[in-house]
Amino acid sequence: MRYALLALLIICMGLAAPAAALKLPGSDVTIVTASGQKQVVYKELHALVVGAGDYKSYPASPGAVAEAREVADTLKFFGLRMGYQVTFLENPTSSQLRKALKQLTVVDGARPDRALLFYYAGRTATLTDSDGKKVSYILPIDCPLHYKNAKGFSAKALSLAEIENLASQAKAGQFLLLFDANITSSGLKFIKPAPRPITEESARPIRQYIFAGSPGSVSPPKSVFKDKFLEAIKGGADINGDKMMTGLELGLFMQAKVSQATSGMQVPVFGLAGQAGLARGDFLYKIFNPIDFDDLPRPKLGGAGQDASLARKAASQAEGGAQSGSSAGTTSGATSSTA
């Protein structure tokens with residue numbers, strides 16, 4: 000019965016409001032303190048997913064757009080009951096990309112009880128500056144070739160340092176940034192992720208970065224990084240099975256799985272913000288996986304009607320699983336009732 004009520008609630012909310020308002024009670028991300036008290040880490044997650052492929056000066060990369068769209072659709076689908084606010088930005092110009100990043104960090108990230116997630120798939124460039132340091136950039140579609148128009152490149156490309164600066168300005172406590180690209184940054188502290196228990200320390204401010212590989216690594220034609228990230232948020236990176244994926248668990252999972260799948264040709268790197276005050280916590284992501292999403296069609300999500308339709312299908316399958324005693328039904332009930 001509770002599955003039918005849950006389905007009805009999601010449908011009604013989907014018809015009456017945009018996807019951002021579909022958040023249900025009990026979906027806050029919380030931890031239990033040493034004194035046994037429940038502490039809310041964040042109440043909302045805002046995500047910006049960028050796919051850039053229709054380049055004017057560089058070779059086109061249509062696969063990047065399709066792969067980024069799949070990430071956005073999956074995050075939105077998984078977040079129907081969690082109230083995730085997911086924005087997908089396709090083939091942005093430099094001004095559009097900067098505007099979207101400022102929206103994410105300055106506006107969406109204006110409150111400490113929010114979490115932010117940024118995912119980028121597209122072309123990048125890594126250059127050597129006058130001090131001999133490698134500087135990586137993400138490239139909007141209107142960025143010129145650096146060796147033909149250095150001034151134009153500097154104006155259009157976004158350096159990792161610029162992105163790190165924006166991330167540090169956000170008041171949101173937790174921020175995870177993923178780049179499906181082989182890049183680096185001298186402003187980050189790179190570590191080998193070692194998962195640790197979730198404690199009050201986990202709730203401290205954090206900026207965690209995961210790159211698909213280091214400069215010079217070989218990227219496979221089809222993104223393994225994307226595949227493993229989607230596997231991770233479905234529960235694959237929840238190493239201890241507590242229904243909470245941490246940034247450190249994700250980093251370890253991505254390093255192991257991508258390296259294995261590419262025979263070591265691409266090994267993700269994990270970095271923390273250079274500021275000590277933004278490197279103490281651990282990004283927390285609640286695993287909410289009531290059904291096997293691989294068995295569902297993947298339409299492009301966009302409006303409340305589409306979200307409600309998907310919610311009806313998800314709730315129907317979850318209800319069927321509960322009636323037949325399936326593990327999917329059990330998982331849905333257990334997770335939807337927790338805070």
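First residue of the sequence shown: 0, per numbering that gives the first Met the number 0; consecutive thereafter.
C-beta: ideal position from N, C-alpha, C; glycine also.
Can you tell me whether THR369 is helix, strand or coil according to DSSP? No information on residue 369 is available, as it lies outside the stretch 0 to 338 that the chain covers here.
In this structure, what does DSSP give as the bridge partners for ALA120? Position 121 of the sequence shown, counted from the start, is the residue given in the question as residue 120. In the DSSP output, where bridge partners are listed per residue, ALA120 has GLY50 and ASP179.
Buried or exposed: SER262, going by 16 or more other Cβ atoms within 10 Å of its Cβ? One-based indexing of the sequence shown puts residue 262 at position 263. So SER262 ends up on the exposed side.
Contact check, GLY172 vs GLY270, beta carbons under 8 angstroms: Looking up residue 172 in the sequence shown gives position 173. Looking up residue 270 in the sequence shown gives position 271. Cβ distance not < 8 angstroms, so GLY172 and GLY270 don't count as in contact.
For GLY270, which residues does DSSP report across the bridge? The sequence position of residue 270 within the sequence shown is 271, counting from 1. Partner residues in the beta bridge of GLY270, as assigned by DSSP, are PHE189 and TYR208.
Any idea what DSSP makes of GLU163, helix, strand or coil? The residue labelled residue 163 in the question sits at position 164 within the sequence shown. Helix.
Does the beta-carbon of LYS256 have 16 or more other beta-carbons within 10 angstroms, so that it is buried, or is it exposed? Position 257 of the sequence shown, counted from the start, is the residue given in the question as residue 256. Looking at its Cβ environment, which holds 16 or more other Cβ atoms inside 10 Å, LYS256 is buried.
Rounded to whole angstroms, how far is the Cβ of LYS42 from the Cβ of ASP53, which I believe are closer than 8 angstroms? The count along the sequence shown starts at 1 and reaches residue 42 at position 43. The count along the sequence shown starts at 1 and reaches residue 53 at position 54. Their Cβ separation, rounded to whole angstroms, is 36 angstroms, which puts LYS42 and ASP53 out of contact at 8 angstroms.
On the criterion of 16 or more Cβ atoms from any shown chain inside 10 Å, does ASP179 qualify as buried, or is it exposed? Counting from one through the sequence shown, the residue named residue 179 turns up at place 180. It counts as buried.
Measure the alpha-carbon distance for VAL64 versus ALA51 and round it to whole angstroms. For this step, residue 64 is matched to residue 65 along the sequence shown. For this step, residue 51 is matched to residue 52 along the sequence shown. Using only the alpha carbons, I get a separation of about 6 angstroms.
With 16 as the cutoff for other CB atoms within 10 Å, does TYR146 come out buried or exposed? Looking up residue 146 in the sequence shown gives position 147. Exposed: under 16 other Cβ atoms inside 10 Å.
Rounded C-alpha distance that separates LEU144 from ILE162: The sequence position of residue 144 within the sequence shown is 145, counting from 1. The sequence position of residue 162 within the sequence shown is 163, counting from 1. Cα to Cα, LEU144 sits roughly 20 angstroms from ILE162.
What does the Cβ neighbour count give for GLU200, buried or exposed, with the cut at 16 atoms within 10 Å? As a working note, residue 200 is residue 201 in the sequence shown. It is exposed - the Cβ of GLU200 has fewer than 16 other Cβ atoms within 10 Å.
Note the first and the last residue of the continuous beta strand (DSSP E) segment covering GLN84. Here residue 84 corresponds to residue number 85 of the sequence shown, with the count starting at 1. 84–89 is the span of the beta strand (DSSP E), which, as asked, contains GLN84.
Rounded C-beta distance between SER135 and LEU165? I'm assuming under 8 angstroms. Indexing the sequence shown from 1 puts residue 135 at position 136. Indexing the sequence shown from 1 puts residue 165 at position 166. Contact between SER135 and LEU165 does not hold, since their C-beta atoms are separated by about 15 angstroms, which reaches or exceeds 8 angstroms.
Let's test the definition: count the other Cβ atoms within 10 Å of the Cβ of ASP237 and tell me whether it reaches 16, buried, or not, exposed. Looking up residue 237 in the sequence shown gives position 238. Result: buried.
Hey, out of ASP226, ARG80 and THR198, whose CA is closest to GLN259's CA? Walking along the sequence shown from the start, residue 259 turns up at place 260. Residue ASP226 is the option with its Cα nearest to GLN259.
Using 8 angstroms as the Cβ pair cut-off and three pairs as the minimum, do the stretch 123–142 and the stretch 78–85 touch? no
With 16 as the cutoff for other CB atoms within 10 Å, does LYS191 come out buried or exposed? Residue numbering aside, residue 191 sits at position 192 when the sequence shown is read from its first letter. Its Cβ having fewer than 16 others within 10 Å, LYS191 is exposed.
For LYS155 and VAL49, what's the separation of their Cα atoms in angstroms? Residue numbering aside, residue 155 sits at position 156 when the sequence shown is read from its first letter. Residue numbering aside, residue 49 sits at position 50 when the sequence shown is read from its first letter. Rounded to whole angstroms, LYS155 and VAL49 show a C-alpha spacing of 16 angstroms.
Please name the residue, chosen from LEU126, PRO61, SER56 and GLU69, that lies closest to VAL375 on a Cα-to-Cα basis. The structure shown has nothing for residue 375, since the chain only spans 0 to 338.
In whole angstroms, what separates the C-alpha of SER129 from that of MET243? The residue given as residue 129 occupies position 130 in the sequence shown. The residue given as residue 243 occupies position 244 in the sequence shown. Straight across, the Cα-Cα distance linking SER129 with MET243 is about 44 angstroms.
Under the three-state reduction of DSSP, which class applies to LYS132: helix, strand or coil? If you number the sequence shown from 1, residue 132 lands on position 133. DSSP places LYS132 in coil when its eight states are reduced to three.
What does a CB cutoff of less than 8 angstroms around LYS188 pick up in its chain, not counting 5 residues either side in sequence? Against the sequence shown, residue 188 aligns to sequence position 189. Leaving aside the five residues that flank LYS188 on each side, the residues in its chain whose CB is nearer than 8 angstroms to its CB run, in chain order, GLY270, LEU271, ALA272, GLY273 and ALA278.
Proximity winner among TYR208, VAL223 and LYS233, relative to TYR284 (alpha-carbon distances): Numbered from 1 along the sequence shown, position 285 holds the residue referred to as residue 284. With distances taken between Cα atoms, TYR284 lies closest to LYS233.
DSSP three-state label for THR104, please. The count along the sequence shown starts at 1 and reaches residue 104 at position 105. Helix at THR104.
N- and C-terminal bounds of the alpha helix (DSSP H) containing LYS256: Residue mapping note: residue 256 aligns to position 257 of the sequence shown, counting from 1. Unbroken alpha helix (DSSP H) run through LYS256: 246–260.
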